[in-house]
Each structure stands twice: as structure tokens, then as C-alpha cells.
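Asker: This is the structure I want to talk about, given as C-alpha cells.
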Amino acid sequence: MPAAQPNLLVSRLSPPPIPSVLAWAREYKGAKGPLVDLSQAVPGYPAHPEMLRLLGEAASSPATTGYGPIEGEDVLREAYARQMSDVYDAPVAAHNVQITAGCNQAFMAAAIALVGAGDSVALTNPFYFNQETTLSMLGINRVLVECDADNGFLPDIASAEKALASGAKVLAIVTPNNPTGAIYPPELLRALFDLCRSHGAWLIVDETYRDFLPDGYGAPHPLLAIPGWEETLILLYSFSKSFCIPGHRLGAITAGERVIAEIVKVMDNMQICAPRAAQVAVAEAMPVLAEWRAANRLEIARRADALRAVMAELPGWEIGALGAYFAFIRHPFADLSSSEVAERLAKETGVVCLPGSYFGVGQERYLRLAFANADAVSIRRLVERLR
320 MPAAQPNLLV
330 SRLSPPPIPS
340 VLAWAREYKG
350 AKGPLVDLSQ
360 AVPGYPAHPE
370 MLRLLGEAAS
380 SPATTGYGPI
390 EGEDVLREAY
400 ARQMSDVYDA
410 PVAAHNVQIT
420 AGCNQAFMAA
430 AIALVGAGDS
440 VALTNPFYFN
450 QETTLSMLGI
460 NRVLVECDAD
470 NGFLPDIASA
480 EKALASGAKV
490 LAIVTPNNPT
500 GAIYPPELLR
510 ALFDLCRSHG
520 AWLIVDETYR
530 DFLPDGYGAP
540 HPLLAIPGWE
550 ETLILLYSFS
560 KSFCIPGHRL
570 GAITAGERVI
580 AEIVKVMDNM
590 QICAPRAAQV
600 AVAEAMPVLA
610 EWRAANRLEI
620 ARRADALRAV
630 MAELPGWEIG
640 ALGAYFAFIR
650 HPFADLSSSE
660 VAERLAKETG
670 VVCLPGSYFG
680 VGQERYLRLA
690 FANADAVSIR
700 RLVERLR
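Read left to right, the sequence shown gives residues 320 to 706 (our numbering).
Put into C-alpha cells, the structure is as follows:
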């Protein structure tokens, strides 16, 4: 009798990447000093005590123990809509907001609502690997949009045009980018929006790291001020990094009412509602912790400056792109794969990072460093270890 088999769309995927590199790190014997973990994008500082108090208070309330609205708690949808309106100087209403259990779930819910098995979605190359694996397990085809390594890994418009002309129903991008850290300028985002609209395709913009744009950057893009944006644009967000609560899994989708109605159907089957206590706590924390969040943005910028200074001292190592939480670094070892370099760094020098090959085709000469995880003192240790 033949053995029962799992879903081939899932079983053909590689194991999750973060545990694999952390396994390399467990073999480090400490010869070079403390471990410098630049693998996963987690805040390198604790949540504010007021955030912890609010979480505890909300979690202990019987009111948050039952099912909540599928779209999310009204108090958080309204607070986030106000924040979006302020950030973009454009009207966003609570009915444009769907709360999810993290941004990965936001992407999956949007993908299911918009695209069917056998359809195509365009991703940048390099891509965020969880988006690529989500499409793969759903039976959705991937089309790659090339990014220009000589221009800070910004998407190539001609490549995006080709992907959409081939029939891709969605173009999904991340800015500030994961894995490269590249910040897509407003005029590029407008060009991609117009391109998607001309092809009748959706533009999904993952803005997980929006709160870590350079101080004084202004609105990340003008797209929410364009009449009829609801027919083309979907924005994704995560509360995890700004509030240092990744374990509470809280994200958001901003879209037109028609799309939100479809995503509600998906969410009802996927989770019913995002964690309720976290929603209530974050809604109250948003105005209270505004200054603290701004200070954290400046701290992350200092860490970025520390990494730039380190790379300036390392002949052969080059910054491909750097911004927000990440740097995409070109290593000097032409005869080694990115996985071989990352494995040796973890085991021999105690520096944990991700191989470029995890993020797409032709990325063997690169490593992703999640520099926001480490303080400036730890980042300075890279000089001797990478040398």
C-alpha cells in the first residue's frame, strides 16, 4: 500500500531559513568574542515599559478573550487610519484598514484574495523569501523583476513592464527593502503604480520598515493622494518593529473597501481575528509612544552609520545597498557561494547573517546583514571578524 504523501507544493520548499543559520551559530565556540547576530529582523532593544504595561492590562481583561471583529478592533483601525492620513497627508478611513496577525499573514491574505493558482505575481529580484514561498505553496507562478545592483538595487522599470506585459496580475515590492535595505524614491513608486494601473494589475507595497526612513524624509510616496488609488494599490504594514513586539504578531492592510471585503473572507478562514489584546494595547500606545518611536528611528540610523564606517575599513567588501533595517553586502570571495561564506562566518567568527542566495537568482556574491539587531559596539566588532 503506498504511503500517504504531503502537499508537493509545500514539501518541495526548503526548510525555513532563519533556523538553518542559527544552527550554524550554535557551532561557534566563542573564539572571537560574543556572537553578533545579524540574521533575523528583530528590534535590538526592548519594548517600552508602557507598551508592556498596556499589553498586560489588555491581556488580563475578559473583554479581549473572545472572538473579535474579523477586520480588526475598531479602536486600532481608527488609530491606524489617522496615522496613515497624517503620514501621507491623504484621507484614509477605518474601512480601508484590515488588521492581521503580522505582515506575512497580510501578504498571504492579500495574495489569496487577488490571485488564483496558476496565475502570476511579479516579485523583485532579490525578493523577500517569505513572499516567494507563500506564492509557491499556493501554486501561484513567480515572475522576477530585476533590480539594478549598480543603482542601489532599485527595480528596473523595463523589467517590471515586461513582467506585467507577460500577464502578472500583481507586482509586489518591499520598501524600505528586505533584503537590501534600498529605499525606493517616491517618483519610482509613482512610476510603478502607473505601470500597474495601465496593465490592470495590482501594486502591493510592503511598508514594514516605513517607520525607519531617514529623519525628515517626508511621505514615502504620493500614491494615496491619487484619485482611484483603491483600484490599484494595496499597502502592507507591521507593528512589530516600531513597538518591539514581534511575538504578538500584528500587521495591517490598507486597501479599497472592495478588496477589504474579499480579504475578510480569507481572514475568517485563516485566523478569524488578529490577537485582540495586542490590538487594544497598540491602539493606546500609538500616540503615547510617538516620541519614543522617533528616538528609535534615530538609533537605527546611528547603527547604519556604524556599519558604513565598518565597511569603509574592509577592502574587498562593498555595500550594495543599505537602509532602514538591512544592508546587502557584496563579499570578496568569488570562489565561494554565499551559503559557504555565511556558514564560515557563523561557525568561525560568530557573525550570523543570511546568504544572498536565499533571496533570489544571481545573489551569490551578497550577504544580508540585519544591522538593526545589534548596537554600534557590536557592529564595530565586524571590522576584525570580516577582515
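From the three backbone atoms N, C-alpha and C, an ideal C-beta is built for every residue, glycine too.
1) K560 and D530: beta carbons closer than 9 Å?
2) Whose CA, out of A643, L688, F645 and V680, lies closest to the CA of L664?
3) Applying the 10 Å Cβ sphere with the 16-neighbour rule, what's the burial state of G642?
4) In whole angstroms, what is the alpha-carbon distance linking L440 and P365?
5) Do L555 and A580 have their C-beta atoms closer together than 9 Å?
6) Got a sec? Which residues, its chain only, sit under 6 Å from G679 by beta carbon, not counting five neighbours each side?
7) Between the Cα of P336 and the Cα atoms of F448, H567, C515 and N460, which residue gives the shortest distance?
8) Would you report the Cα separation of L532 and R616, rounded to the nearest angstrom?
9) Quick check: the Cα distance between S404 and P410, rounded to an integer number of angstroms?
10) I459 and D438 - do their beta-carbons sit closer together than 9 Å?
11) Measure the alpha-carbon distance for P505 versus P381 and round it to whole angstroms.
12) Does D534 pass the burial test, meaning 16 or more other C-beta atoms within 10 Å, or should it be called exposed?
13) By a C-beta neighbour count over all protein chains shown, 10 Å radius and 16 as the cutoff for buried, is F652 buried or exposed?
14) Flag this pair as yes or no: are the beta carbons of L463 and A482 separated by less than 9 Å?
15) Do M370 and I619 have their beta-carbon atoms positioned less than 9 Å apart in this structure?
16) So, using beta-carbon positions, are A350 and E667 closer together than 9 Å?
17) In whole angstroms, give me the CA-to-CA distance for T453 and E465.
18) Can you name the start and end residues of the alpha helix (DSSP H) that C592 belongs to?
19) In whole angstroms, what separates the C-alpha of F562 from that of A322?
20) Indicate whether P498 and F690 have their beta-carbon atoms separated by less than 9 Å.
21) Hey, G421 and C592: beta-carbon distance below 9 Å or not?
22) For T573, which of I523, I476 and S379 has the nearest alpha-carbon?
23) Would you grab the beta carbon distance between N692 and D469 for me? Rounded to a whole angstrom, and I think it's under 8 Å.
24) Identify whether F652 lies in helix, strand or coil by the three-state DSSP scheme.
25) Give the secondary structure of F659 by DSSP, where H, G and I count as helix, E and B as strand, and everything else as coil.
26) Alpha carbon to alpha carbon, what distance is there between V670 and P338?
27) If we ignore side chains and look at the alpha-carbon of each, how far apart do E526 and A429 end up?
28) Report yes if the C-beta distance between L490 and L457 is below 9 Å; otherwise report no.
29) From F426, E632 and S658, pick the residue whose C-alpha is nearest to that of Q717; which is it?
30) Locate the beta strand (DSSP E) running through E465, then write down its first and last residues.
31) Hey, out of R612, D654 and A631, whose CA is closest to E703's CA?
32) Could you tell me which residues DSSP puts in a beta bridge with I638?
33) So, Q694 versus R612, is the Cβ gap smaller than 9 Å?
34) Within the same chain, show all residues whose beta-carbon is closer than 7 Å to that of G486, passing over the 5 residues directly before and after it, in chain order.
35) Looking at the secondary structure, which residues open and close the alpha helix (DSSP H) in which I502 lies?
36) Figure out for me which residue from S697, L686 and C672 has the closest Cα to the Cα of Q359.
Answerer: The relevant details are as follows:
1) Against the sequence shown, residue 560 aligns to sequence position 241. Against the sequence shown, residue 530 aligns to sequence position 211. Cβ distance < 9 Å, so K560 and D530 count as in contact.
2) Indexing the sequence shown from 1 puts residue 664 at position 345. Answer by Cα proximity: L688.
3) Within the sequence shown, numbered from 1, the residue matching residue 642 stands at position 323. Residue burial is scored here from C-beta neighbours: G642 has at least 16 other C-beta atoms within 10 angstroms and is therefore classed as buried.
4) As a position in the sequence shown, residue 440 is number 121, starting the count at 1. As a position in the sequence shown, residue 365 is number 46, starting the count at 1. Residue 440 is actually Val in this sequence, not Leu. If I take the Cα positions, the gap works out to 36 Å.
5) To locate residue 555, count along the sequence shown from 1; it is residue 236. To locate residue 580, count along the sequence shown from 1; it is residue 261. Not closer than 9 Å, so no.
6) Here residue 679 refers to the residue found at position 360 when the sequence shown is read from its first residue. Cβ within range, chain order: N444, P445 and F446.
7) Your numbering for residue 336 matches position 17 in the sequence shown. When only C-alpha atoms are compared, the closest one is F448.
8) On the sequence shown, residue 532 is found 213 positions in, with the first residue counted as 1. On the sequence shown, residue 616 is found 297 positions in, with the first residue counted as 1. One C-alpha to the other measures close to 8 Å.
9) Counting from 1 along the sequence shown, the entry for residue 404 is found at position 85. Counting from 1 along the sequence shown, the entry for residue 410 is found at position 91. If you take the alpha carbons of S404 and P410, they lie about 5 Å apart.
10) Within the sequence shown, numbered from 1, the residue matching residue 438 stands at position 119. Within the sequence shown, numbered from 1, the residue matching residue 459 stands at position 140. Taking 9 Å as the Cβ cut-off, D438 and I459 qualify as a contacting pair.
11) By 1-based counting over the sequence shown, the position of residue 505 is 186. By 1-based counting over the sequence shown, the position of residue 381 is 62. One C-alpha to the other measures close to 44 Å.
12) As a first step, residue 534 is located in the sequence shown; it is residue number 215 there, counting from the start. With fewer than 16 Cβ atoms within 10 Å of its Cβ, D534 is classed as exposed.
13) Locating residue 652 in the sequence shown gives position 333, where the first residue counts as 1. Burial call: exposed.
14) As a first step, residue 463 is located in the sequence shown; it is residue number 144 there, counting from the start. As a first step, residue 482 is located in the sequence shown; it is residue number 163 there, counting from the start. The answer is yes: Cβ separation under 9 Å.
15) Counting from 1 along the sequence shown, the entry for residue 619 is found at position 300. Counting from 1 along the sequence shown, the entry for residue 370 is found at position 51. No, the Cβ-Cβ distance between I619 and M370 is not below 9 Å.
16) Position 31 of the sequence shown, counting from 1, holds the residue named residue 350. Position 348 of the sequence shown, counting from 1, holds the residue named residue 667. Yes; because the gap between Cβ atoms is below 9 Å, this pair is in contact.
17) Taking the first residue of the sequence shown as position 1, residue 453 is located at position 134. Taking the first residue of the sequence shown as position 1, residue 465 is located at position 146. Those two C-alpha atoms are separated by around 20 Å.
18) For the purposes of this step, residue 592 is taken as residue 273 along the sequence shown, with counting starting at 1. From DSSP, C592 is part of no alpha helix (DSSP H); its letter is neither H nor E.
19) Walking along the sequence shown from the start, residue 562 turns up at place 243. Walking along the sequence shown from the start, residue 322 turns up at place 3. Cα to Cα, F562 sits roughly 46 Å from A322.
20) Taking the first residue of the sequence shown as position 1, residue 498 is located at position 179. Taking the first residue of the sequence shown as position 1, residue 690 is located at position 371. Contact: no.
21) Here residue 421 corresponds to residue number 102 of the sequence shown, with the count starting at 1. Here residue 592 corresponds to residue number 273 of the sequence shown, with the count starting at 1. Contact flag unset, no.
22) The count along the sequence shown starts at 1 and reaches residue 573 at position 254. Looking at the Cα atoms, I523 is the closest of the given residues.
23) Looking up residue 692 in the sequence shown gives position 373. Looking up residue 469 in the sequence shown gives position 150. Not confirmed; about 28 Å, so no contact.
24) Within the sequence shown, residue 652 is the residue found at index 333, counting from 1. Coil at F652, not helix or strand.
25) Looking up residue 659 in the sequence shown gives position 340. Sequence check: residue 659 is Glu here, not Phe. If DSSP states are grouped into helix, strand and coil, E659 belongs with the helices.
26) For the purposes of this step, residue 338 is taken as residue 19 along the sequence shown, with counting starting at 1. For the purposes of this step, residue 670 is taken as residue 351 along the sequence shown, with counting starting at 1. In a straight line, the C-alpha of P338 is about 15 Å away from that of V670.
27) Position 207 of the sequence shown holds residue 526. Position 110 of the sequence shown holds residue 429. The alpha-carbon atoms of E526 and A429 are separated by roughly 14 Å.
28) The count along the sequence shown starts at 1 and reaches residue 490 at position 171. The count along the sequence shown starts at 1 and reaches residue 457 at position 138. Taking 9 Å as the Cβ cut-off, L490 and L457 do not qualify as a contacting pair.
29) With the chain represented from 320 up to 706, any question about residue 717 goes unanswered, as that position is not in the structure.
30) In the sequence shown, counting from the first residue as 1, residue 465 sits at position 146. According to the DSSP assignment, E465 belongs to the beta strand (DSSP E) that extends over N460 to D467.
31) Locating residue 703 in the sequence shown gives position 384, counting from the first residue. Of the candidates R612, D654 and A631, the one whose C-alpha sits nearest the C-alpha of E703 is A631.
32) In the sequence shown, counting from the first residue as 1, residue 638 sits at position 319. Its beta-bridge partners are I648.
33) Within the sequence shown, the letter at position 375 stands for residue 694. Within the sequence shown, the letter at position 293 stands for residue 612. According to the sequence as given, residue 694 is Asp; it is not Gln. Going by C-beta atoms, D694 is not nearer than 9 Å to R612.
34) As a working note, residue 486 is residue 167 in the sequence shown. Excluding sequence neighbours, G486 sits near S439.
35) Working through the sequence shown from its first residue, we reach residue 502 at position 183. In this chain, I502 is not harboured by any alpha helix (DSSP H), its DSSP state being neither H nor E.
36) Here the question's residue 359 lines up with position 40 in the sequence shown. For the residues S697, L686 and C672, the minimum Cα distance to Q359 belongs to C672.
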